[in-house]
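Chemist: Okay, here's the structure, questions in a sec.
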Amino acid sequence: MPQAGFLQDWLRRATAVDWFLLALRIVVLAVVGTGFVAGLLHPRYGREEWFSFLAFGLTIGAIYALIALGYTMVYGILRMVNFAHGDVFMFGAYAACFSLIACNRAGILNAYPVISFTIAVIVCIAVSAGIAILGERIAYRPFRRGRSLAPLISTLGLSFVLEYSARGMFGAQNKSFPTMPGIDGIVAFAGFSVPRVQLVVVAAAVLTMIVLTLIVMRTRIGTAMRAVAEDKDAATLMGINVDRVIVFTFALGGALAGIAGLLYGLVFKQISFFMGFFLGVKGFGAAVLGGIGNIPGAMLGGYALGLVESLGPAAFLEGLGVTAPYQLRDAIAYTMLVMVLIFRPRGLLGERLSTARA
Amino acid sequence: MSALAADDLHVAYGNIRALRGVSLSVAEGTICAVVGANGAGKTTTLNAICGLRTLTQGRITLDGRDVTTIPPHDLVPLGLVQVPEGRRVFSRLTVRENLSMGAFRRRSPRGELAEDLDRVLGLFPRLRERMTQLAGTLSGGEQQMLAMGRALMSKPRTLLMDEPSMGLAPRFVDQVFETIVAINKLGVTILLVEQNAYMALEIAQMAYVLQSGEIVLAGPGPELIDSEAVRTAYLG
Chain A
1 MPQAGFLQDW
11 LRRATAVDWF
21 LLALRIVVLA
31 VVGTGFVAGL
41 LHPRYGREEW
51 FSFLAFGLTI
61 GAIYALIALG
71 YTMVYGILRM
81 VNFAHGDVFM
91 FGAYAACFSL
101 IACNRAGILN
111 AYPVISFTIA
121 VIVCIAVSAG
131 IAILGERIAY
141 RPFRRGRSLA
151 PLISTLGLSF
161 VLEYSARGMF
171 GAQNKSFPTM
181 PGIDGIVAFA
191 GFSVPRVQLV
201 VVAAAVLTMI
211 VLTLIVMRTR
221 IGTAMRAVAE
231 DKDAATLMGI
241 NVDRVIVFTF
251 ALGGALAGIA
261 GLLYGLVFKQ
271 ISFFMGFFLG
281 VKGFGAAVLG
291 GIGNIPGAML
301 GGYALGLVES
311 LGPAAFLEGL
321 GVTAPYQLRD
331 AIAYTMLVMV
341 LIFRPRGLLG
351 ERLSTARA
Chain B
1001 MSALAADDLH
1011 VAYGNIRALR
1021 GVSLSVAEGT
1031 ICAVVGANGA
1041 GKTTTLNAIC
1051 GLRTLTQGRI
1061 TLDGRDVTTI
1071 PPHDLVPLGL
1081 VQVPEGRRVF
1091 SRLTVRENLS
1101 MGAFRRRSPR
1111 GELAEDLDRV
1121 LGLFPRLRER
1131 MTQLAGTLSG
1141 GEQQMLAMGR
1151 ALMSKPRTLL
1161 MDEPSMGLAP
1171 RFVDQVFETI
1181 VAINKLGVTI
1191 LLVEQNAYMA
1201 LEIAQMAYVL
1211 QSGEIVLAGP
1221 GPELIDSEAV
1231 RTAYLG
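Heads up: the sequence lines are chains A and B, in that order. Sequential numbering from 1 applies to the first sequence in the numbering used here. Sequential numbering from 1001 applies to the second sequence in the numbering used here.
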């Protein structure tokens, strides 16, 4: 491959937009590079701090990944984004919160924390999966025939309906999440320490993702999901009821969002009716980052986004002398998202659309 | 009694009338062929029978039962399955998973399914070596075998086949037609749609010539090969 020929070709064809994108890449890489080097020259954090950034990144990344999976599975089958998914997550968090409060009132929260936790998991899965199924029914299915943007608008509308019903029912102020006994405190080993709740969240998320992978790769309905994602008509001809598979997909994504809601509450200790929007956008970003429609991609994208957000400010913003680097973590997260999409529009693990739709 | 009968099918795509009163009948245990030029409505006919296309008018009977309004996925348990045009195997599923999707609606015990799988693999020995491979990595001929095997896993009584020889190398085309005859010998009624008219007509006890959404000629396959109408209308 003649490199020079490629360069000449590029120079001849490059438009203003191409030049702008080139400049953008150089500037971003330069900023990140300088910040990184400057940070290395004047190290501000010790190993322990770095470790705790890493641990937090994995924790928040796990939550992003669980949310991203719902977006990516629905997209994989319907080629449409479910904008109400973030609010399914929010309802999961409230469901978990209220079931833990109820356990506390019944006096079993402190006596039997494992049972209470199990109850909270079941309730938040049931509520979130139920809302996801309801959303499919009222905001998706009526518009599935014909290629239009109607489902985008209807799920956006559903998102507002869910948010403001939550606000009406649970109040506009933040709600504090009950403290689970046994997951507070710090675990220390080999000179590092990490909040126990982060270990619980990471373990729970990994377990959930293993179960999901087993469902998708090993069960009859999971195989049918993959078949429907690839070719709905061929799946119908095999006797698969596509509508039912779609409902199952929504329920599965909703269940994951519900678990994410519970884990979010455990980590951040307070929830609000509006949090579905922010976490929904993050989860969607993680799904796009990993390659939307791709299940391992959503997991990877979630962790990548969480880690960049958590490590990024310390890694290069501090070095640049930014005064409040942690306020900029969202800016870093989305800059990275944009950069990945410029360099690699299909996302980290996404297939080229042409092969995906062949 | 005919295994499958279509009576006066009308299908329209917007203002274009794709089928204008197609009637055909497939006798049980036979091979029936529908031939015709590109765009004559062959695929539309099959899809209308399967319920993938909405009828504006017409009636479909399967084993004497009216199935016109039954949703497409519920026709499979009734014994009607289609091998679609262009094979349409699930390329990102393994060969084994593809075959298991054929048996999706069956509630048979594991042992019976395993026996059927063995029987299907007996028809298509090449698939046996490739069970764990992704279907997308198979050659065109192998994908056609997989598509047929997948359909057979549903234990159909009537099999619809849309252009099974399309895009295949000549040696695979012969093999596909041999397999169709072999499947028929197992007692499966076959409705075959083909552009490869000579080969289809040779093996068809009954055949129909479709032109612009209408049946223009019907008769035993081998007789139609020699008919003047087929030559002028289609074979050229």
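For every residue, glycine included, the Cβ atom is placed at its ideal position computed from N, Cα and C.
1. With H, G and I counted as helix, E and B as strand and the rest as coil, what does DSSP make of F1104 of chain B?
2. How about G1236 of chain B: is its C-beta nearer than 8 Å to some C-beta of chain A?
3. For T1189 of chain B and Y1208 of chain B, what's the separation of their Cα atoms in angstroms?
4. For F359 of chain A and A106 of chain A, what's the separation of their Cα atoms in angstroms?
5. Grab me the residues of F47 of chain A's own chain with a C-beta within less than 6 Å of its C-beta, minus the 5 sequence neighbours each way, in chain order.
6. From this set, A:V28, A:T223 and A:A234, which residue's C-alpha is nearest H1073 of chain B's C-alpha?
7. With a cut-off of 8 Å, does the C-beta of R226 of chain A fall near any C-beta of chain B?
8. Spell out the partners DSSP gives M1153 of chain B in its beta bridges.
9. So is N294 of chain A in contact with chain B if we call contact Cβ pairs under 8 Å?
10. R1126 of chain B: which of B:G1079, B:L1146, B:F1177 and B:V1011 sits nearest, CA to CA?
11. Step through the CB atoms of chain B and report whether any lies within less than 8 Å of the CB of R357 of chain A.
12. Verify the contact flag: T1068 of chain B, CB atom, against every heavy atom of the ligand PLP, threshold strictly below 7 Å.
13. In whole angstroms, what separates the C-alpha of V74 of chain A from that of R1107 of chain B?
14. So, is the C-beta of M238 of chain A closer than 8 Å to a C-beta in chain B?
15. Since I believe L349 of chain A is in contact with G291 of chain A (beta carbons under 8 Å), could you give me their beta-carbon distance rounded to a whole number of angstroms?
16. How should E1223 of chain B be labelled, buried or exposed, when 16 other C-beta atoms within 10 angstroms of its C-beta is the threshold for buried?
17. Would T223 of chain A count as contacting chain B if we go by Cβ distances under 8 Å?
18. Does the CB of M1161 of chain B have a neighbour CB from chain A at under 8 Å?
19. Rounded to a whole number of angstroms, what is the C-alpha to C-alpha distance between T1216 of chain B and G1036 of chain B?
20. By a C-beta neighbour count over all protein chains shown, 10 Å radius and 16 as the cutoff for buried, is M1161 of chain B buried or exposed?
21. With a CB to CB cut of under 6 Å and the five nearest residues on each side skipped, what residues in its chain are close to P1084 of chain B?
22. Examine chain A for any beta-carbon lying closer than 8 Å to the beta-carbon of R1092 of chain B, and answer yes or no.
23. Listed from N- to C-terminal order along the chain, which residues in the segment 185 to 212 of chain A have their beta-carbon within a distance smaller than 9 Å of any beta-carbon of chain B?
24. What distance in whole Å lies between the Cβ atoms of R1053 of chain B and V1011 of chain B, which are believed to be in contact at a cut-off of 8 Å?
25. So, does the CB of A298 of chain A fall closer than 8 Å to a CB anywhere in chain B?
26. Starting from Y164 of chain A and walking both ways along the alpha helix (DSSP H), at which residues does that stretch end?
27. Taking 8 Å as the threshold (beta carbon to beta carbon), is D1226 of chain B in contact with chain A?
28. So what's V123 of chain A in DSSP terms, helix, strand or just coil?
29. Of all the residues that make up the segment 1124 to 1139 of chain B, which are near chain A by a beta-carbon distance shorter than 9 Å?
30. Of all the options A:F170, A:T208, A:F273 and A:L289, which has the alpha carbon lying nearest to the alpha carbon of R344 of chain A?
31. Shorter than 8 Å from the beta carbon of E136 of chain A to some beta carbon of chain B?
32. Please compile the residues from chain A whose C-beta is within a distance smaller than 9 Å of the C-beta of V1209 of chain B.
33. Which first and last residues belong to the alpha helix (DSSP H) in which H85 of chain A is found?
34. Which one or two residues does DSSP pair with T1061 of chain B in a beta bridge?
35. Measure the beta-carbon distance from L199 of chain A to V211 of chain A and round it to whole angstroms, keeping in mind my assumption that it falls under 8 Å.
36. Could you tell me which uninterrupted alpha helix (DSSP H) segments, each at least 4 residues in length, are contained entirely in the segment 178 to 247 of chain A, listed from first to last along the chain?
Modeler: With the given structure in hand:
1. The residue you call residue 1104 of chain B lines up with position 104 of the second sequence. Three-state result, F1104 of chain B: coil.
2. In the second sequence, the residue the question calls residue 1236 of chain B occupies position 236. Note that G1236 of chain B scores 49 on pLDDT, short of 50, meaning its location in the model is unreliable and no value can be drawn from it.
3. Here residue 1189 of chain B refers to the residue found at position 189 when the second sequence is read from its first residue. Here residue 1208 of chain B refers to the residue found at position 208 when the second sequence is read from its first residue. Looking at the two C-alpha atoms, the distance is approximately 16 Å.
4. In the structure displayed, chain A extends from 1 to 358; residue 359 of chain A sits before or after that span and is not available.
5. Looking up residue 47 of chain A in the first sequence gives position 47. The identity of residue 47 of chain A in the sequence shown is Arg, whereas the question assumes Phe. Counting only Cβ-Cβ distances below 6 Å, and skipping sequence neighbours, we find nothing.
6. Counting from 1 along the second sequence, the entry for residue 1073 of chain B is found at position 73. Of the listed residues, the one whose Cα sits closest to H1073 of chain B is A:A234.
7. As a working mapping, residue 226 of chain A is identified with position 226 in the first sequence. The C-beta of R226 of chain A comes closer than 8 Å to at least one C-beta of chain B.
8. Counting from one through the second sequence, the residue named residue 1153 of chain B turns up at place 153. In DSSP, M1153 of chain B forms no bridge with anything.
9. As a first step, residue 294 of chain A must be located in the first sequence, where it is residue number 294. Not an interface residue.
10. Locating residue 1126 of chain B in the second sequence gives position 126, where the first residue counts as 1. R1126 of chain B has its Cα closest to that of B:L1146, out of B:G1079, B:L1146, B:F1177 and B:V1011.
11. Counting from one through the first sequence, the residue named residue 357 of chain A turns up at place 357. Low local confidence applies: a pLDDT of 36 at R357 of chain A is under 50, so the model's placement there is unreliable, and no value is given.
12. With respect to small molecules bound, the structure shown includes none, and the ligand PLP cannot be examined in it.
13. For this step, residue 74 of chain A is matched to residue 74 along the first sequence. For this step, residue 1107 of chain B is matched to residue 107 along the second sequence. Each residue's Cα considered, the two are about 28 Å apart.
14. Within the first sequence, residue 238 of chain A is the residue found at index 238, counting from 1. Yes - at least one Cβ of chain B is within 8 Å of the one on M238 of chain A.
15. Counting from one through the first sequence, the residue named residue 291 of chain A turns up at place 291. Counting from one through the first sequence, the residue named residue 349 of chain A turns up at place 349. The pair is a contact, with the Cβ atoms about 4 Å apart (cut-off 8 Å).
16. Here the question's residue 1223 of chain B lines up with position 223 in the second sequence. Label assigned to E1223 of chain B: exposed.
17. Residue numbering aside, residue 223 of chain A sits at position 223 when the first sequence is read from its first letter. Cβ-Cβ to chain B under 8 Å: yes for T223 of chain A.
18. Numbered from 1 along the second sequence, position 161 holds the residue referred to as residue 1161 of chain B. So no, M1161 of chain B is outside the interface.
19. In the second sequence, residue 1216 of chain B corresponds to position 216, counting from 1. In the second sequence, residue 1036 of chain B corresponds to position 36, counting from 1. In the sequence as displayed, the identity of residue 1216 of chain B is Val instead of Thr. Using only the alpha carbons, I get a separation of about 10 Å.
20. Within the second sequence, the letter at position 161 stands for residue 1161 of chain B. By the neighbour-count rule (16 or more Cβ atoms within 10 Å), M1161 of chain B is buried.
21. Counting from one through the second sequence, the residue named residue 1084 of chain B turns up at place 84. D1162, listed in sequence order.
22. Mapped onto the second sequence, residue 1092 of chain B falls at position 92. Output row for R1092 of chain B: interface = yes.
23. Close to chain B, meaning a Cβ-Cβ distance shorter than 9 Å, is no residue of the segment 185 to 212 of chain A at all.
24. Looking up residue 1011 of chain B in the second sequence gives position 11. Looking up residue 1053 of chain B in the second sequence gives position 53. Distance from V1011 of chain B to R1053 of chain B at the Cβ level is roughly 5 Å; contact confirmed, criterion being Cβ atoms closer than 8 Å.
25. Within the first sequence, the letter at position 298 stands for residue 298 of chain A. So, not an interface residue.
26. Here residue 164 of chain A is taken as the residue at index 164 of the first sequence, counted from 1. Unbroken alpha helix (DSSP H) run through Y164 of chain A: A150 to F170.
27. Within the second sequence, residue 1226 of chain B is the residue found at index 226, counting from 1. Not closer than 8 Å to any Cβ of chain A, the Cβ of D1226 of chain B fails to qualify, so no.
28. As a first step, residue 123 of chain A must be located in the first sequence, where it is residue number 123. For V123 of chain A, the secondary structure class from DSSP, reduced to helix, strand or coil, is helix.
29. So the close ones are G1136.
30. Locating residue 344 of chain A in the first sequence gives position 344, where the first residue counts as 1. Minimum Cα distance to R344 of chain A is reached at A:L289.
31. Working through the first sequence from its first residue, we reach residue 136 of chain A at position 136. So no, E136 of chain A is outside the interface.
32. Against the second sequence, residue 1209 of chain B aligns to sequence position 209. The contacting residues do not exist; V1209 of chain B stays about 25 Å from chain A at best.
33. Translated into positions along the first sequence, residue 85 of chain A becomes position 85. It spans H85 to A106 - the alpha helix (DSSP H) in which H85 of chain A sits, taken as one unbroken run.
34. Here residue 1061 of chain B refers to the residue found at position 61 when the second sequence is read from its first residue. T1061 of chain B is bridged to B:A1005 and B:D1066.
35. Translated into the one-based positions of the first sequence, residue 199 of chain A becomes position 199. Translated into the one-based positions of the first sequence, residue 211 of chain A becomes position 211. Rounded, the Cβ-Cβ distance is 19 Å, inconsistent with contact.
36. 196 to 218, 220 to 230 and 232 to 237
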